[in-house]
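Working notes, beginning with the structure itself.
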Amino acid sequence: MTLSQDSLAKRLLSVAFVFVFCFYIFKGIIWFTFSVLGLYKSAWFGHLAEEGTFWLALGLGGYSAYIGLTSQKKAFGISPTSDTTATGQRVLQSVYTIKTRTRKIPYIHITEPERGVLVVGGAGAGKSRSVIEPIIQQTIQQGHAGLLYDFKFPTLARVATWAMHHTNTPRMMYYVNFEDLTYSHRVNPLHPDTMPTQSHADEYARAIMYNLKPEAIKKSDFWVDSAHSYLTALIWFLREEYPQYCTLPHVMALAFQPTADVVALLSTNLETRGTVASLRESVQSKAGNQTAGVVATLQTALRRINTKEIVWVLSGNDFTLDINDPARPKFVTLGNSPTLSATFSPVLALLATVAIKQMNRLGKTPSAVILDEAPTMFIPNFDQLPSTGRSNKIATVFGAQDISQIEDMYGRTKKDALLANLNNQFFGRVGHRETAQYISDIWGKQDVEQRTQGESESNRNYQKTEGRSMAHSYVERNRVKMQDVLELKVGEFYGQLVNSDFSSFKAEIDAPEPGPIPELNPVTRATTQAIKDNFAQIQADIESLFTGRSPSNGQAQSPTTPRPTTPGSTDGIPQPERNGHNLSNSQPLPGENLDF
Numbered sequence: 193m194t195l196s197q198d199s200l201a202k203r204l205l206s207v208a209f210v211f212v213f214c215f216y217i218f219k220g221i222i223w224f225t226f227s228v229l230g231l232y233k234s235a236w237f238g239h240l241a242e243e244g245t246f247w248l249a250l251g252l253g254g255y256s257a258y259i260g261l262t263s264q265k266k267a268f269g270i271s272p273t274s275d276t277t278a279t280g281q282r283v284l285q286s287v288y289t290i291k292t293r294t295r296k297i298p299y300i301h302i303t304e305p306e307r308g309v310l311v312v313g314g315a316g317a318g319k320s321r322s323v324i325e326p327i328i329q330q331t332i333q334q335g336h337a338g339l340l341y342d343f344k345f346p347t348l349a350r351v352a353t354w355a356m357h358h359t360n361t362p363r364m365m366y367y368v369n370f371e372d373l374t375y376s377h378r379v380n381p382l383h384p385d386t387m388p389t390q391s392h393a394d395e396y397a398r399a400i401m402y403n404l405k406p407e408a409i410k411k412s413d414f415w416v417d418s419a420h421s422y423l424t425a426l427i428w429f430l431r432e433e434y435p436q437y438c439t440l441p442h443v444m445a446l447a448f449q450p451t452a453d454v455v456a457l458l459s460t461n462l463e464t465r466g467t468v469a470s471l472r473e474s475v476q477s478k479a480g481n482q483t484a485g486v487v488a489t490l491q492t493a494l495r496r497i498n499t500k501e502i503v504w505v506l507s508g509n510d511f512t513l514d515i516n517d518p519a520r521p522k523f524v525t526l527g528n529s530p531t532l533s534a535t536f537s538p539v540l541a542l543l544a545t546v547a548i549k550q551m552n553r554l555g556k557t558p559s560a561v562i563l564d565e566a567p568t569m570f571i572p573n574f575d576q577l578p579s580t581g582r583s584n585k586i587a588t589v590f591g592a593q594d595i596s597q598i599e600d601m602y603g604r605t606k607k608d609a610l611l612a613n614l615n616n617q618f619f620g621r622v623g624h625r626e627t628a629q630y631i632s633d634i635w636g637k638q639d640v641e642q643r644t645q646g647e648s649e650s651n652r653n654y655q656k657t658e659g660r661s662m663a664h665s666y667v668e669r670n671r672v673k674m675q676d677v678l679e680l681k682v683g684e685f686y687g688q689l690v691n692s693d694f695s696s697f698k699a700e701i702d703a704p705e706p707g708p709i710p711e712l713n714p715v716t717r718a719t720t721q722a723i724k725d726n727f728a729q730i731q732a733d734i735e736s737l738f739t740g741r742s743p744s745n746g747q748a749q750s751p752t753t754p755r756p757t758t759p760g761s762t763d764g765i766p767q768p769e770r771n772g773h774n775l776s777n778s779q780p781l782p783g784e785n786l787d788f
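Numbering of the sequence shown is given in our numbering, commencing with residue 193 and proceeding in unit increments.
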């Protein structure tokens with residue numbers, strides 16, 4: 193609205209009049225008050241009272257003029273939108289409570305984390321410190337079991353350890369870390385007990401292949417699909433025929449054996465014989481290019497994770513992945529490294545996939561799956577966990593830097609399903625404009641009042657006439673602007689909650705230092721020689737399947753003094769007896785030709 197010079201002069205004159213009027217009114221009131229109190233009678237107090245009278249009157253008069261000026265400004269223009277909506281509901285019990293520095297919403301109450309928690313914030317936005325760390329601490333302090341993905345191990349692992357030291361219901365704590373083996377327990381994600389059906393083996397193989405070949409997640413690839421089927425057959429064959437060798441290290445060792453020998457071995461089992469039928473036919477028909485393409489795809493992918501450190505960790509049984517077992521609940525941290533994420537993520541994704549399968553069952557203790565920087569690994573069918581895990585008391589917490597990161601890993605369809613199922617949402621500062629626009633769209637628009645004033649001036653018959661009019665209307669405005677999201681401070685979040693006292697909010701989270709956080713204690717003493725011997729032993733185990741000789745040991749190198757962080761015995765699993773076939777004495781199945 194543009195005002196004429198006369199209107200501007202009138203407004204300034206009225207403000208000046210208000211100032212002068214209020215100055216003398218307040219001066220009189222203050223003088224009367226000080227006189228009644230007798231302050232002017234004292235020489236020292238009298239001087240202060242005279243000075244104070246002037247400055248107090250000046251300040252109060254100026255404040256009155258300011259109120260008058262701003263009230264005139266507010267009388268016109270567009271009313272502000274609201275980014276916070278109260279439901280009027282009183283929260284009697286909350287699973288997770290986060291303190292804020294915002295007077296309007298002093299506490300954020302997450303009453304139903306089983307319906308999923310999404311935390312989005314760019315680097316430095318404070319999503320881990322403000323939201324994820326309090327959830328970790330409260331999960332442990334409530335005695336719940338948990339699976340934690342720590343992308344920058346041991347950052348969150350130390351927070352979990354600190355929380356465990358300050359709880360009355362301690363749980364067994366385990367860490368998986370491939371970079372420094374002294375801070376890692378050993379676990380076998382492919383233990384036969386985790387695979388009751390071949391479909392489980394297929395999904396575990398998919399987790400491995402899609403993380404090793406992420407380009408195949410969104411676009412199907414013949415070679416990757418064929419290699420996936422081949423890997424499924426390898427896993428299921430060892431599970432059925434040689435369960436004492438059913439580990440990922442043994443599977444990888446078997447995959448690197450001569451192809452014709454491996455296909456012949458797999459063909460001795462009725463189920464895996466069908467799985468490798470196309471590969472067997474290509475070997476029999478001497479279609480070398482196709483066979484080599486499938487095998488090379490698998491071998492090239494597995495070579496990245498076939499290291500003696502990964503083999504060591506995945507060939508032991510310090511604990512099981514039945515994390516929320518009511519008899520033995522535990523808290524497990526999967527540790528990654530930003531510098532070696534491409535190598536470690538496929539194996540960690542396998543561990544997470546197996547653990548979630550075991551956790552998402554009826555009759556389990558309450559638990560949480562907390563994934564910081566979750567899009568750095570692909571978990572098959574993870575978008576279904578918030579909806580299916582709700583009835584099984586699983587709280588799903590998914591952290592990411594921006595929405596595009598989720599789409600890059602899971603694809604648009606899976607991304608949309610995941611966001612739809614994570615009903616409690618926190619959005620911090622992001623640098624991705626599309627993500628900021630997405631957040632603005634979620635908050636939607638609001639009808640706000642718009643007041644406009646018009647002025648007119650005319651001269652007729654040498655007489656000056658002025659007119660003034662005022663109009664009211666309602667216009668739609670974004671409740672949250674894209675620029676508002678881009679300019680959030682560290683620890684400041686927009687959020688949406690389900691079944692809480694606020695359905696939407698903007699708040700600055702109060703994240704105080706938890707105090708000195710202890711370093712992790714070493715959990716095992718793994719010597720270099722023991723790690724090398726373990727790698728060699730697994731090779732010998734697999735070679736014995738083809739020579740008919742039993743390996744010298746019969747199983748992988750045993751753990752070297754593993755120690756869980758909470759006192760108590762480890763839940764190791766006894767190795768089952770061998771129930772496989774001796775290949776040297778096996779006979780071909782009816783109609784089967786094993787002469788390659």
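Every residue, glycine too, gets a C-beta built ideally from N, C-alpha and C.
Under 7 Å between C-beta atoms of Ala560 and Thr331: Mapped onto the sequence shown, residue 560 falls at position 368. Mapped onto the sequence shown, residue 331 falls at position 139. Going by C-beta atoms, Ala560 is nearer than 7 Å to Thr331.
Alpha-carbon to alpha-carbon, Pro538 and Lys681: Here the question's residue 681 lines up with position 489 in the sequence shown. Here the question's residue 538 lines up with position 346 in the sequence shown. Rounded to whole angstroms, Lys681 to Pro538 spans 34 Å at the Cα level.
Would the segment 429 to 439 count as touching the segment 459 to 467 if we require 3 or more Cβ pairs under 8 Å? yes
Could you tell me which residues DSSP pairs with Tyr341 in its beta bridges? The count along the sequence shown starts at 1 and reaches residue 341 at position 149. The partner list for Tyr341 (beta bridge, DSSP) reads Leu526 and Leu563.
Is it right to say Leu554 is buried, meaning 16 or more other beta carbons lie within 10 angstroms of its own, or is it exposed? For the purposes of this step, residue 554 is identified with residue 362 of the sequence shown, where counting begins at 1. Looking at its Cβ environment, which holds fewer than 16 other Cβ atoms inside 10 Å, Leu554 is exposed.
Can you give me the start and stop residues for the alpha helix (DSSP H) that His357 sits inside? The residue given as residue 357 occupies position 165 in the sequence shown. Taken as a continuous stretch (DSSP letters only), the alpha helix (DSSP H) holding His357 covers Thr347 to His357.
With DSSP as the reference, please indicate the residues paired to Leu382 in a beta bridge. Here residue 382 corresponds to residue number 190 of the sequence shown, with the count starting at 1. According to DSSP, Leu382 bridges with nothing at all.
Alpha-carbon spacing of Thr451 relative to Pro346, whole angstroms: Position 259 of the sequence shown, counted from the first residue, corresponds to residue 451. Position 154 of the sequence shown, counted from the first residue, corresponds to residue 346. Those two C-alpha atoms are separated by around 40 Å.
Skipping 5 residues on each side, what residues in its chain have a beta carbon closer than 6 Å to that of Leu205? Position 13 of the sequence shown holds residue 205. Answer for Leu205: no residue qualifies.
Where in the segment 542 to 588 do unbroken runs of the beta strand (DSSP E), each at least 3 residues long, occur, reported from the N-terminal end onward? Listed in chain order, they are 559 to 563.
Nearest residue (CA-CA) to Ser695, options Phe523, Leu737, Glu473 and Trp635: Counted from its first residue, the sequence shown places residue 695 at position 503. Among Phe523, Leu737, Glu473 and Trp635, the Cα nearest to that of Ser695 belongs to Trp635.
Quick one: what does DSSP say Thr276 is sitting in, helix, strand or coil? The residue labelled residue 276 in the question sits at position 84 within the sequence shown. Reduced to three states, the DSSP call for Thr276 is coil.
Gln476 to Gly485 span [Cα, whole Å]: Walking along the sequence shown from the start, residue 476 turns up at place 284. Walking along the sequence shown from the start, residue 485 turns up at place 293. Cα to Cα, the separation comes out at about 15 Å.
So, helix, strand or coil for Thr389, using DSSP? Along the sequence shown, read from residue 1 onward, the residue named residue 389 stands at position 197. In the structure shown, Thr389 sits in coil (DSSP, three-state: anything other than H, G, I, E or B).
So for Ile324, helix, strand or coil by DSSP? For the purposes of this step, residue 324 is taken as residue 132 along the sequence shown, with counting starting at 1. Helix, per DSSP.
What does the Cβ neighbour count give for Gly220, buried or exposed, with the cut at 16 atoms within 10 Å? Indexing the sequence shown from 1 puts residue 220 at position 28. It counts as exposed.
Can you tell me which of Phe448, Ser412 and Ala732 puts its alpha carbon nearest to the alpha carbon of Ala488? Numbered from 1 along the sequence shown, position 296 holds the residue referred to as residue 488. Ranking the options by Cα distance to Ala488, first place goes to Phe448.
Quick check: what's the CA-CA separation for Pro388 versus Lys411? One-based indexing of the sequence shown puts residue 388 at position 196. One-based indexing of the sequence shown puts residue 411 at position 219. Approximately 29 Å between the Cα atoms of the pair.
For Ala728, count the other beta carbons within 10 Å of its own beta carbon; 16 or more makes it buried, fewer makes it exposed. Which is it? If you number the sequence shown from 1, residue 728 lands on position 536. By the 10 Å Cβ count, Ala728 comes out exposed.
Same chain, Cβ closer than 6 Å to Ala267, neighbours up to 5 away in sequence not counted: Counting from 1 along the sequence shown, the entry for residue 267 is found at position 75. With a pLDDT of 45 at Ala267, under the threshold of 50, the modelled position of that residue is not reliable, and no figure is offered here.
Ile497 by DSSP, collapsed to three states: which one? Start at 1 with the first residue of the sequence shown, and residue 497 comes out as number 305. Coil, per DSSP.
Pick out whichever of Pro381, Asp417 and Asn360 has its Cα sitting closest to the Cα of Ile427. The residue you call residue 427 lines up with position 235 of the sequence shown. Comparing Cα positions, the closest option is Pro381.
With DSSP collapsed to three states, give me the class of Glu684. Along the sequence shown, read from residue 1 onward, the residue named residue 684 stands at position 492. DSSP places Glu684 in strand when its eight states are reduced to three.
Tell me the DSSP secondary structure of Ala699 in three-state form. Translated into positions along the sequence shown, residue 699 becomes position 507. Note: Ala699 maps to strand in three-state DSSP.
Which residues mark the beginning and the end of the beta strand (DSSP E) in which Ile302 is found? Taking the sequence shown and counting its residues from 1, the one referred to as residue 302 is at position 110. Tyr299 to Ile302 is the extent of the beta strand (DSSP E) around Ile302.
Between Glu684 and the rest of its own chain, which residues show a CB-CB distance below 6 Å, the 5 nearest in sequence each way excluded? If you number the sequence shown from 1, residue 684 lands on position 492. Cβ neighbours of Glu684 within its own chain (closer than 6 Å, five residues either side excluded): Glu700.
Who are Leu471's beta bridge partners in DSSP? As a first step, residue 471 must be located in the sequence shown, where it is residue number 279. Paired residue(s): none; Leu471 is not in a bridge.
Counterpart residues of Tyr288 in DSSP-defined beta bridges: For the purposes of this step, residue 288 is identified with residue 96 of the sequence shown, where counting begins at 1. Answer is Ile302, bridged to Tyr288.
Quick check: what's the CA-CA separation for Pro326 versus Tyr402? In the sequence shown, the residue the question calls residue 326 occupies position 134. In the sequence shown, the residue the question calls residue 402 occupies position 210. So the two alpha carbons sit approximately 32 Å from each other.
Do three or more CB pairs link the segment 731 to 738 to the segment 495 to 510 at distances below 8 Å? no
Leu310 - containing beta strand (DSSP E), residue span: As a first step, residue 310 must be located in the sequence shown, where it is residue number 118. Note, Leu310: beta strand (DSSP E), Val309 to Val312.
Between the beta-carbon of Thr545 and the beta-carbon of Ala399, is there less than 7 Å? Along the sequence shown, one-based indexing puts residue 545 at 353. Along the sequence shown, one-based indexing puts residue 399 at 207. Yes. Within cutoff.
Bridge-paired residues (DSSP) for Asn509: Taking the sequence shown and counting its residues from 1, one reaches residue 509 at position 317. None, per the DSSP bridge assignment.
Within 10 angstroms of the Cβ of Gln334, are there 16 or more other Cβ atoms? Answer buried if so, exposed if not. Position 142 of the sequence shown, counted from the start, is the residue given in the question as residue 334. It is exposed - the Cβ of Gln334 has fewer than 16 other Cβ atoms within 10 Å.
Which value, in whole angstroms, describes the spacing of the CA atoms of Lys171 and Glu705? The question about residue 171 has no answer here: the residues shown for the chain are numbered 193 through 788.
Where does the unbroken alpha helix (DSSP H) through Phe738 begin, and where does it stop? Locating residue 738 in the sequence shown gives position 546, counting from the first residue. Note, Phe738: alpha helix (DSSP H), Thr720 to Thr739.
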